[in-house]
């Protein structure tokens with residue numbers, strides 16, 4: 032059905048009757064005449080219009096009922112070719128490239144303008160021939176999903192795959208991942224695989240790999256060089272530092288956040304400098320050695336999603352906390368104001384949650400700085416009510432850590448102990 036992707040009802044019947052499909056060049060006569068390429072449509076739009084890509088590059092919608100005539104100008108058959116096998120060089124190190132989807136594993140059909148998650152890990156390798164000069168790369172597709180569709184179950188599948196290679200001869204492992212939720216996956220892998228013996232790098236792109244302005248190739252190349260030359264271990268996110276191609280950076284997996292919707296330098300380390308600077312073939316460690324201390328490898332892959340991230344704001348309804356308690360939530364991460372505060376209006380609900388054995392942790396809405404609940408009386412009161420300050424842990428990281436800690440503890444005291452330990456550099460110096 033990809034020949035008519037996104038078309039239903041009236042528009043689908045019209046295309047079939049006219050023997051026209053997506054990707055065909057056509058001439059359409061309405062009140063005026065248009066020439067262009069039939070584009071796929073978003074599945075949930077109406078069924079009364081055909082999308083046409085004009086030669087100028089602009090897209091228009093044409094109402095089917097107003098079309099007087101449609102002529103097929105050309106119909107290209109696109110042959111799908113298997114990517115050529117990459118020759119291995121036994122003198123080079125081995126790296127595993129896992130693909131999970133996202134923009135880095137997407138490509139644009141420039142005839143229609145459609146973006147599809149179509150590149151496999153092997154195709155990514157083949158699309159960037161420089162990779163074969165850096166390492167012998169094995170490839171595997173775990174799944175092909177945009178990252179907004181990834182759930183904790185996907186995190187665990189990635190972790191299980193990585194754990195199965197903990198004793199392999201790979202120099203490191205690269206995970207191609209969508210950028211929208213990459214920080215969540217990076218955080219989970221950091222906790223679940225703490226002490227992993229080789230580096231794990233999550234890499235993505237803001238623009239698909241076949242666009243001229245894509246950051247995919249350089250991010251991939253830099254992630255491979257990072258693995259080979261950084262002489263470190265742990266979980267990192269490797270992405271552009273800014274709009275230029277001069278500098279790629281490696282962020283610690285628990286200290287990184289996507290802070291821009293579309294810039295190539297969307298990711299930033301919160302509360303510190305990026306862990307590594309990557310200038311072409313030069314890798315520079317950017318933090319103190321203490322920051323990279325690692326635990327012994329002891330994988331803990333369980334999780335429990337009965338955790339809520341509560342962003343406090345003026346007008347917050349205390350009944351939401353009651354709902355979480357009644358719904359069986361076992362942990363709440365508060366994203367409080369300033370140094371870690373919430374309004375008195377929810378104190379009773381906080382007290383009740385504490386009495387029901389629910390773990391409560393406090394982070395801040397502020398991008399930088401750390402929680403200090405000893406400065407003001409309200410902070411001290413909240414601690415008395417059972418809320419645990421979580422220093423400068425990023426709220427999203429705290430959410431993921433709480434899911435992980437809940438899944439790997441038997442009671443709230445064990446969970447408190449895990450949440451206040453610095454397991455994967457989630458607390459900065």
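Residue numbers (our numbering): 32 to 460.
Ideal Cβ placement from N, Cα and C applies to all residues, glycine included.
Item                                                                                                                                                                              : Value
Alpha carbon to alpha carbon, what distance is there between residue 80 and residue 104?                                                                                          : 20 Å
Is residue 196 helix, strand or coil by DSSP?                                                                                                                                     : coil
How about residue 365 and residue 391: are their beta carbons less than 9 Å apart?                                                                                                : yes
What does DSSP give as the partner residue(s) for residue 56 in the beta ladder?                                                                                                  : 68 and 105
Below 8 Å CB to CB, which residues in the same chain sit around residue 183 once its five sequence neighbours on both sides are set aside?                                        : 219, 334, 336 and 434
Taking the beta carbon of residue 459 as the centre, do at least 16 other beta carbons fall within 10 Å, making it buried, or is it exposed?                                      : buried
What is the rounded straight-line gap between the Cα of residue 212 and the Cα of residue 284?                                                                                    : 12 Å
Alpha carbon to alpha carbon, how far is residue 201 from residue 318? Give it in angstroms, no decimals.                                                                         : 25 Å
Near residue 345, what residues of its chain come up, given a Cβ to Cβ distance below 6 Å and the 5 sequence neighbours on each side ignored?                                     : none
By the DSSP assignment, the beta strand (DSSP E) with residue 247 in it spans what residues?                                                                                      : First-last for residue 247: 247-260, but that is the alpha helix (DSSP H), not the beta strand (DSSP E).
Using CA atoms only, rank isn't needed, just tell me which of 378, 426 and 439 is closest to residue 417.                                                                         : 378
Residue 92 to residue 99, Cα distance in whole Å?                                                                                                                                 : 15 Å
Per DSSP, what are the beta-bridge partners of residue 457 in this structure?                                                                                                     : Answer is none; residue 457 lacks a bridge partner.
For the region 320-346, which segments carrying the alpha helix (DSSP H) assignment without a break, of at least 4 residues, lie completely within its bounds, in sequence order? : none
Which same chain residues end up closer than 6 Å to residue 39 when comparing Cβ atoms and leaving out the 5 residues on each side of it in sequence?                             : 78
Can you pull the DSSP bridge partners for residue 167?                                                                                                                            : 125
Could you please give the first and the last residue of the uninterrupted beta strand (DSSP E) stretch that includes residue 230?                                                 : 230-234
By alpha-carbon positions, which one of 367, 413 and 380 ends up nearest to residue 479?                                                                                          : Outside the displayed range of the chain (32 to 460) lies residue 479, so it cannot be described from this structure.
Spatial neighbours of residue 83 within its chain, please: C-beta separation below 8 Å, excluding the five flanking residues on both sides.                                       : 57, 59, 65, 67, 68, 69, 70, 90, 91, 92 and 93
Helix, strand or coil: how does DSSP classify residue 266 here?                                                                                                                   : strand
Could you check what DSSP says for residue 391 in three-state terms: helix, strand or coil?                                                                                       : strand
Helix, strand or coil for residue 491 per DSSP?                                                                                                                                   : The shown model of the chain, from 32 to 460, leaves out residue 491, and the question about it has no answer.
Exposed or buried, residue 409, counting other C-beta atoms within 10 Å across all chains shown (16 or more means buried)?                                                        : buried
DSSP on residue 351, reduced to helix/strand/coil?                                                                                                                                : helix
Report the option in 97, 37 and 42 whose CA atom is closest to the CA atom of residue 62.                                                                                         : 97
Is it the case that the Cβ atoms of residue 132 and residue 191 are separated by a distance below 9 Å?                                                                            : no
Does the distance from the CB of residue 282 to the CB of residue 300 come in under 9 Å?                                                                                          : yes
Quick one, which of 340, 280 and 327 has its alpha-carbon nearest residue 304's?                                                                                                  : 280
If residue 356 sits next to residue 311, beta carbons under 8 Å apart, how far is it from one beta carbon to the other, in whole angstroms?                                       : Wrong, their Cβ atoms sit about 54 Å apart, outside the cutoff.
Under 8 Å Cβ to Cβ from residue 453, same chain only, skipping five residues before and after it: list those, please.                                                             : none
Going by the beta-carbon positions, is the gap between residue 127 and residue 172 smaller than 9 Å?                                                                              : no
Report the three-state DSSP secondary structure of residue 130 (helix, strand or coil).                                                                                           : strand
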